[in-house]
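The block underneath contains the structure these notes are about, expressed in structure tokens.
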Amino acid sequence: MYVLKDVHDEENRFQGVEIRVNGQLAAALTGGLAILISTAYANYMERLGGETRADAFLFGIVTALNHCTLTGSIPSVTDGRSPEPDEDA
């Protein structure tokens, strides 16, 4: 099971996020990326109205972070379709 937890300091200021997989820390993030992931996750959960696909969402994030760490490159995420041709080209 994947769990995302916002981390706050003693004065309740946002410090970052932790992603845990089966209770084990998989990622700890701070800064802009943490804010982006936390906000996207909250919006995603609000649209779903529950935790139906929370594991899939967090699995994708952890997989992308692992890819960046292991290869030094940013993964390309697509839906499997070819991009539309640029009419101005």
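Sequence positions in the sequence shown follow my numbering and run 113 to 201. No residue lacks a Cβ here, since even glycine has one placed at the ideal position from N, Cα and C.
#1: Just to confirm my understanding: we take Asn134, look at its own chain, exclude 5 residues before and 5 after, and list those with CB closer than 8 Å. What are they?
#2: Can you tell me whether Ala139 is buried or exposed, with buried defined as 16 or more other CB within 10 angstroms of its CB?
#3: Ignoring anything shorter than 4 residues, give me the alpha helix (DSSP H) runs that lie fully in the region 134-173, in order along the chain.
#4: Rounded to whole angstroms, what is the Cα-Cα separation between Ala154 and Ser185?
#5: Near Ser150, which residues of its chain fall below 8 Å by C-beta distance, leaving aside the five closest residues on each side in sequence?
#6: What residue from Leu141, Leu177, Gly172 and Thr142 has the CA that sits closest to Tyr156's CA?
Taking the definition as stated:
#1: Met113
#2: buried
#3: 143-160
#4: 27 Å
#5: Leu116, Asp118, Phe126 and Val129
#6: Gly172
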